[in-house]
Amino acid sequence: MIASFGVKRANINNIVSFVLLVGLSAAFILPLFWMITTSLKPIDQLLLDPPVWIPEPLEFENYPNALEAQPFLQYLGNSLQIAVAAVIGAIISNSLVAYGFSRVEWKGRDAVFVLVLSTLMLPYHVVMIPLFVSFSKIGWVNSWLPLIVPAWLGHPFFIFMLRQFMLGIPKELSEATRIDGGSEWILLTRVILPLCKPALATVALFQFIWSWNDFIGPLIYLNDRDLYPMSLGLALYHNSQGITDFSILMAASTMAVVPIIIIFFFMQRVFIQGISLTGLKG
Amino acid sequence: MLTPRKRRELRKVGVGLVFISPWIVGFLALNLYPIIASFYYSLTRYSPISSPRFIGLFNYEKLLYFDPLFIKALTNTLYFVVFAVPLGNMLALALAVLLNQKVKGLSVFRTIFYLPSILPLVATSIVWTWLLHPQYGAVSVILAELGLPAISWFSDPQWAKPALIMMSMWGTGWMMLIYLAALQDVPQELYDVASLDGASLWRKFRHVTVPMISPIILFNTIVGLIGAFQYFTEAYIITEGGPGDSTLFYSLYLFQNAFAYFKMGYASAMAWLLFLVILILTFIIFRSSAKRVYYHGS
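Chain order of the listed sequences is A and B. Sequential numbering from 1 applies to the first sequence in our numbering. Sequential numbering from 283 applies to the second sequence in our numbering.
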């Protein structure tokens with residue numbers, strides 16, 4: 001009796017949770033649903049009061065029109081190049097740094113590591129102006145370098161994550177290689193890094209998304225339209241348009257969003273894993 | 283003369299420093315130098331075409347006593363922080379608790395809640411402008427169907443901030459994912475014991491779940507706080523500070539001072555004040571939570 005009552009209660013809880021989740025999901029999907037249906041609306045159905053949820057017929061022409069209104073393909077290509085260059089740098093630099101903080105034992109290491117973590121607290125706005133001044137002095141303004149080079153110098157979040165991961169690899173593995181006369185470099189590239197693939201994938205993903213989504217960086221540094229990434233191109237296009245262009249704007253927004261969604265679906269497991277890799281779990 | 287042991291130790295330090303050298307360069311060039319330079323600029327009058335001219339604490343005095351827009355930006359930001367951080371946190375925790383009930387379709391729900399938080403803010407900001415359009419937006423239709431009065435959202439000084447807070451809650455998925463990972467680590471036995479004592483769901487949540495994940499609540503609060511103080515992109519894209527300066531947030535006003543009015547010294551003083559506010563608040567939160575946060579194994 002008691003047992004079956006317990007099962008029933010659990011079932012009711014489950015059903016209530018499920019219903020709540022469905023309701024909340026609908027609210028979370030609404031903005032993206034609205035983006036996609038608007039991107040497929042013919043102009044005469046855009047400004048109806050009350051609005052239509054699903055246009056009839058679907059106007060796929062909005063996409064080629066968006067590509068004509070602005071060089072969005074070029075913007076997408078620029079975003080891709082910036083993001084890939086930053087990802088490569090992030091993988092190389094953060095691996096090296098994390099190795100130095102986990103697999104090499106040296107005096108003062110942990111004190112320096114605290115310094116690494118403390119920089120996470122630093123608001124971007126404090127460094128924003130001096131960085132702009134320095135980068136303009138060395139002629140990097142209006143180039144991608146200020147957006148790419150910092151990624152090649154390590155990021156505290158990634159260093160922390162990779163370090164945690166590397167600390168989890170048994171010490172004996174390193175000792176064996178050292179006895180064979182292998183250098184630290186061989187140890188890192190042949191032994192440690194191959195074991196860190198899941199953590200490296202997380203670094204690559206997060207760096208890609210940060211670079212792809214970055215707005216204030218390009219806004220500060222880029223003047224030349226040919227250099228614009230998607231975020232900046234989309235923002236400036238938005239500012240110059242009126243209400244009648246919203247179907248085009250939504251088509252362009254969809255194009256900015258879809259690459260991230262595709263990457264998410266292909267690498268979902270890495271995403272979810274990334275959270276536990278940060279060591280935040282316990 | 284160095285003993286062989288000392289020499290080996292030094293060599294190890296050398297190896298360590300070589301490996302972390304990218305970070306050292308980054309720390310010096312991207313953190314340490316800019317922090318010092320920023321403080322120096324904050325004591326000067328400085329536009330990009332002239333060199334900095336030392337004026338002491340004048341920028342700080344002007345900010346605190348003679349700039350009503352600065353006070354406006356500060357209060358707008360505090361309003362945003364006070365609502366967006368706790369509400370986003372609570373929603374994230376609620377979603378994580380619901381997902382942790384072993385419901386069907388967990389991965390689908392998880393994706394739906396998480397995805398908005400990793401999408402490009404410029405695109406989602408444009409989408410929300412349109413979603414909350416007073417006449418043609420989807421939300422207006424729903425409000426009308428429910429018999430509720432129309433709201434002008436981003437063009438109404440009263441509603442613009444709540445609308446932005448609502449949008450920020452939509453992007454709370456990353457926090458939810460962190461909570462979910464933490465919830466999955468709470469030992470089931472604790473709940474079983476609580477059940478034997480006849481504890482209600484709420485009591486289990488309050489006296490088992492919350493204490494067990496309290497370090498994560500603290501973490502999410504602080505990360506959320508630092509992020510909220512730097513809130514920029516949405517306000518820049520959607521409202522540009524309007525209507526009537528109701529969404530002129532700290533970072534937006536700082537950005538305008540630096541890159542629209544070219545008052546680099548003045549903007550640097552703003553940046554340093556922001557830094558101080560964040561440091562002090564973080565410290566207070568750490569201090570006041572020390573007794574309430576439970577760390578495993580301590």
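The beta-carbon is built from N, C-alpha and C at its ideal position, and this holds for glycine as well.
Less than 8 Å between CB atoms is the rule here; does residue i satisfy it with respect to chain B?
i, result
"residue 61 of chain A", "no"
"residue 221 of chain A", "no"
"residue 150 of chain A", "yes"
"residue 4 of chain A", "Reliability fails at residue 4 of chain A, whose pLDDT of 48 lies under 50, so the model's placement of it is uncertain and the value that follows must be treated cautiously. False, the Cβ-Cβ gap to chain B never drops below 8 Å."
"residue 121 of chain A", "yes"
"residue 154 of chain A", "yes"
"residue 1 of chain A", "With a pLDDT of 41 at residue 1 of chain A, under the threshold of 50, the modelled position of this residue cannot be trusted; read the value that follows with caution. Taking Cβ atoms only, chain B never reaches closer than 8 Å to residue 1 of chain A, which makes this a no."
"residue 184 of chain A", "yes"
"residue 20 of chain A", "yes"
"residue 266 of chain A", "no"
"residue 75 of chain A", "no"
Are the C-beta of residue i and some C-beta of chain A separated by less than 8 Å?
i, result
"residue 308 of chain B", "yes"
"residue 546 of chain B", "yes"
"residue 291 of chain B", "yes"
"residue 315 of chain B", "yes"
"residue 435 of chain B", "no"
"residue 490 of chain B", "no"
"residue 586 of chain B", "Chain B is shown only over 283 to 580; residue 586 of chain B falls outside these bounds and no answer can be derived."
"residue 515 of chain B", "yes"
"residue 563 of chain B", "no"
"residue 406 of chain B", "yes"
"residue 370 of chain B", "no"
"residue 284 of chain B", "no"
"residue 246 of chain B", "Here chain B comprises residues numbered 283 to 580, so residue 246 of chain B is not present and cannot be evaluated."
"residue 350 of chain B", "no"
"residue 499 of chain B", "no"
"residue 301 of chain B", "yes"
Nearest to residue i by alpha carbon, out of the options?
i, options, result
"residue 65 of chain A", "A:30, A:39 and A:218", "A:39"
"residue 524 of chain B", "B:330, B:389 and B:440", "B:440"
"residue 414 of chain B", "B:400, B:401 and B:433", "B:433"
"residue 588 of chain B", "A:265, A:29, A:228 and A:183", "Only positions 283 to 580 of chain B appear in the structure, and residue 588 of chain B is not among them; the question remains open."
"residue 251 of chain A", "B:531, B:388 and B:412", "B:412"
"residue 223 of chain A", "A:129, A:236 and A:213", "A:236"
"residue 373 of chain B", "A:266, A:256, A:248 and A:24", "A:24"
"residue 291 of chain B", "A:213, A:245, A:151 and A:107", "A:107"
"residue 351 of chain B", "B:565, B:534, B:566 and B:568", "B:534"
"residue 198 of chain A", "A:91, A:226, A:12 and A:187", "A:91"
"residue 514 of chain B", "B:429, B:381, B:379 and B:447", "B:447"
"residue 582 of chain B", "A:111, A:54, A:47 and A:273", "No answer is possible for residue 582 of chain B: it lies beyond the span of chain B, which begins at 283 and ends at 580."
"residue 81 of chain A", "A:36, A:272 and A:208", "A:208"
"residue 193 of chain A", "A:165, A:26, A:228 and A:260", "A:165"
"residue 471 of chain B", "B:400, B:490 and B:343", "B:490"
"residue 522 of chain B", "B:512, B:508, B:538 and B:566", "B:538"
"residue 132 of chain A", "B:376, B:566, B:349 and B:540", "B:540"
"residue 265 of chain B", "B:344, B:343 and B:327", "Limits of chain B in this structure are 283 at one end and 580 at the other, which puts residue 265 of chain B out of reach."
For residue i versus residue j, is the C-beta spacing smaller than 8 Å?
i, j, result
"residue 123 of chain A", "residue 321 of chain B", "no"
"residue 154 of chain A", "residue 304 of chain B", "yes"
"residue 495 of chain B", "residue 475 of chain B", "no"
"residue 526 of chain B", "residue 323 of chain B", "no"
"residue 363 of chain B", "residue 553 of chain B", "no"
"residue 407 of chain B", "residue 516 of chain B", "yes"
"residue 167 of chain A", "residue 253 of chain A", "no"
"residue 311 of chain B", "residue 130 of chain A", "no"
"residue 301 of chain B", "residue 97 of chain A", "yes"
"residue 604 of chain B", "residue 367 of chain B", "Nothing about residue 604 of chain B can be reported from this structure: the residues present for chain B run from 283 to 580 only."
"residue 217 of chain A", "residue 156 of chain A", "no"
"residue 443 of chain B", "residue 361 of chain B", "yes"
"residue 359 of chain B", "residue 121 of chain A", "no"
"residue 195 of chain A", "residue 169 of chain A", "yes"
"residue 86 of chain A", "residue 27 of chain A", "no"
"residue 144 of chain A", "residue 73 of chain A", "no"
"residue 51 of chain A", "residue 423 of chain B", "yes"
"residue 231 of chain A", "residue 409 of chain B", "no"
For residue i, which beta-bridge partners are listed by DSSP?
i, result
"residue 259 of chain B", "Because chain B spans 283 through 580 in this model, residue 259 of chain B falls outside it and cannot be assessed."
Closer than 8 Å, Cβ to Cβ, to anything on chain A: give me those residues from the stretch 529-544 of chain B, in chain order. Those residues of the stretch 529-544 of chain B that come within reach of chain A (Cβ to Cβ, closer than 8 Å) are 533, 536, 537, 540 and 541.
Contact set between the stretch 187-208 of chain A and chain D, restricted to residues whose Cβ is under 7 Å from the partner: Among the chains of the structure shown, chain D does not appear; the protein chains present are A and B.
Give the residues from the stretch 32-55 of chain A that approach chain B closer than 7 Å (Cβ to any Cβ), ordered along the chain. Of all residues in the stretch 32-55 of chain A, 34, 35, 38, 47, 49, 50 and 51 have a Cβ within less than 7 Å of some Cβ in chain B.
Quick one, which residues of the stretch 412-429 of chain B are near chain A if we go by CB-CB under 9 Å, in chain order? Taking 9 Å as the Cβ-Cβ cut-off against chain A, the residues of the stretch 412-429 of chain B that qualify are 412, 413, 415, 417, 418, 419, 420, 421, 422, 423, 424, 426 and 427.
Against chain B: residues of the stretch 105-116 of chain A by CB proximity under 8 Å: Taking 8 Å as the Cβ-Cβ cut-off, the stretch 105-116 of chain A approaches chain B at 105, 106, 107, 108, 109, 112, 115 and 116, given in chain order.
Return the residues of the stretch 87-103 of chain A that lie within a Cβ-Cβ distance of less than 7 Å from chain B, sorted by chain order. Considering only beta carbons, the part of the stretch 87-103 of chain A lying closer than 7 Å to chain B consists of 93, 96, 97, 99, 100 and 101, in chain order.
Check each residue of the stretch 318-332 of chain B: if its Cβ is closer than 7 Å to any Cβ of chain A, include it; give the result in chain order. Contacts with chain A (Cβ-Cβ distance below 7 Å) from the stretch 318-332 of chain B involve 319, 320 and 323, listed in chain order.
Contact set between the stretch 464-488 of chain B and chain A, restricted to residues whose Cβ is under 9 Å from the partner: For the stretch 464-488 of chain B, residues whose beta-carbon sits nearer than 9 Å to a beta-carbon of chain A comprise 464, 466, 467, 477 and 483.
Using Cβ-Cβ distances below 9 Å, what residues of the stretch 126-147 of chain A are close to chain B? Result list: 126, 127, 128, 129, 130, 131, 132, 133, 134 and 136.
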